[in-house]
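Counting in UniProt numbering, the sequence shown runs from 1 upward without gaps.
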Amino acid sequence: MRVVIAEDSVLLREGLIRLLERAGFTIQAAVGTAEELLAELEREQPDVVVTDVRMPPTHTDEGLRAALVIRRQWPEMGVLVLSQYVEEHYATDLLSGETAGVGYLLKDRVADVADFLDGLRRVASGGTVLDPEVVSQLLVRRRSDPLDRLTPRELDVLKAMAEGRSNAGVAAALVVSESAVAKHINNIFAKLDLRHADSDHRRVLAVLRFLGGRA
1 MRVVIAEDSV
11 LLREGLIRLL
21 ERAGFTIQAA
31 VGTAEELLAE
41 LEREQPDVVV
51 TDVRMPPTHT
61 DEGLRAALVI
71 RRQWPEMGVL
81 VLSQYVEEHY
91 ATDLLSGETA
101 GVGYLLKDRV
111 ADVADFLDGL
121 RRVASGGTVL
131 DPEVVSQLLV
141 RRRSDPLDRL
151 TPRELDVLKA
161 MAEGRSNAGV
171 AAALVVSESA
181 VAKHINNIFA
191 KLDLRHADSD
201 HRRVLAVLRF
211 LGGRA
C-alpha cells in the first residue's frame, strides 16, 4: 500500500515513516509543506495520504486545505488528516461531501499503533475513520459558546490580549516564552474559527468575541 506523508515536524515525520515501513507500507514521499504535498501527488498516485492540519508558512490550516483539494482532484485517493485537537470548521468542511476514503484523527491516536494502522488501512480501502473525540466535540460544540472551546491558559492569553498587551507583554504577564504565546494565539484563532483568510485583523476579532462573550 503506497503512502505520501505531509508533516512539518521532522521527528513525527520520521517516526511515521519508520512506523509505516515496518507495517509493510511503501512510502512514496514525505514532505513538510502542503505545497510540496500537492506537487508530489501530481507525480505519484498513492493509495492514501497522511497529512497534518497545520503546516508552513502560516501553521494554520494549510494541510486541511490541501486535503480538500485532494478530495476534489483525486477523489479515489484516501486522505487521513492528523490534528493536535479538533478544529470544528475544517473538520466539517472535510466531512461535508463524499466521506468515502476520509479519516480525521487526533495525533495522540498515533500512539495506539494497532488502531492507527487499522484506521489508515480502512481509509486507503475507501472507509471512513473518525476519532471518537472528534465526534463528541463536534456534537458538543454545536451547542456551546465558542469561548468554551478554549483551555484555561488560552483564556488567560486572550484576556491579556484584551488588555492591549503585545505578545511580549502577554509572555511577561504569564511568565511564559513568546513562542508559547504565539502557539496559544494560533490555537485561539483556530478554535474561534478565525481563518487566516479573514480580511479583518484576527487579533481584534478574537478580543471582540472575548469581550462580547464575557460581558
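Where is the CB? At the ideal position from N, CA and C, for every residue including glycine.
Spatial distance of residue i from residue j (CA atoms)
| i | j | result |
| --- | --- | --- |
| Asp13 | Thr51 | What sits at residue 13 in the sequence shown is Arg, not Asp. If you take the alpha carbons of Arg13 and Thr51, they lie about 10 Å apart. |
| Leu105 | Asp131 | 5 Å |
| Phe210 | Lys107 | 28 Å |
| Arg129 | Asp47 | First, the residue type needs correcting, since residue 129 is Val and not Arg in the sequence shown. C-alpha separation (whole angstroms): 15 Å. |
| Met1 | Ser83 | 23 Å |
| Ser199 | Ala162 | Note that Ser199 scores 49 on pLDDT, short of 50, meaning its location in the model is unreliable; the coordinates nonetheless yield the value given after this. For Ser199 and Ala162, the distance between alpha carbons rounds to 20 Å. |
| Ala66 | Glu21 | 24 Å |
| Gly32 | Gly63 | 10 Å |
| Gly164 | Arg18 | 46 Å |
| Ala215 | Asp93 | Any answer about Ala215 is weak, because its pLDDT of 41 lies below 50 and its placement is not dependable; what the coordinates show is given next. Rounded to the nearest angstrom, the two C-alpha atoms are 31 Å apart. |
| Asp98 | Ala111 | Asp is not the amino acid found at residue 98; the sequence shown has Glu there. The straight-line gap from Cα to Cα measures roughly 28 Å. |
| Arg203 | Phe25 | 43 Å |
| Val207 | Leu192 | 11 Å |
| Leu150 | Gly103 | 24 Å |
| Leu16 | Glu36 | 17 Å |
| Lys159 | Pro57 | 27 Å |
| Leu95 | Leu205 | 27 Å |
Nearest neighbour of residue i, chosen from the options [CA to CA]
| i | options | result |
| --- | --- | --- |
| Leu147 | Leu194, Ser177, Glu133 and Ala171 | Leu194 |
| Ala114 | Val207, Ala23 and Met1 | Ala23 |
| Leu38 | Gly164, Gly103, Val69 and Arg202 | Val69 |
| Thr60 | Pro152, Ala34, Leu205 and Glu98 | Ala34 |
| Ala100 | Leu205, Ser177 and Gly126 | Gly126 |
Sequence-distant residues of its chain with Cβ nearer than 7 Å to residue i (five each side left out)
| i | result |
| --- | --- |
| Arg109 | Asp115, Phe116 and Asp131 |
| Glu44 | Val4, Gln28 and Ala29 |
Neighbourhood of residue i by C-beta, 8 Å cutoff - its chain only, sequence neighbours within 5 removed
| i | result |
| --- | --- |
| Val157 | Val170, Leu174, Val181, His184, Ile185 and Ile188 |
Same chain, Cβ closer than 6 Å to residue i, five either side skipped, listed in chain order
| i | result |
| --- | --- |
| Arg122 | Val129 |
Beta-carbon separation (whole angstroms), residue i vs residue j, contact threshold 8 Å
| i | j | result |
| --- | --- | --- |
| Val79 | Arg71 | 6 Å |
| residue 216 | Val49 | Residue 216 lies beyond the residue range present for the chain, which begins at 1 and ends at 215; the question has no answer from this structure. |
| Trp74 | Leu41 | 7 Å |
| Met55 | Asp8 | 5 Å |
| Glu178 | Ala168 | 6 Å |
Query - Entirely enclosed beta strand (DSSP E) segments - the UniProt domain "Response regulatory" (2-122), minimum 3 residues - result: Taken in chain order, the unbroken stretches of beta strand (DSSP E) that lie wholly in the UniProt domain "Response regulatory" (2-122) and span 3 residues or more are 2-6, 26-31, 48-52, 78-83 and 102-106.
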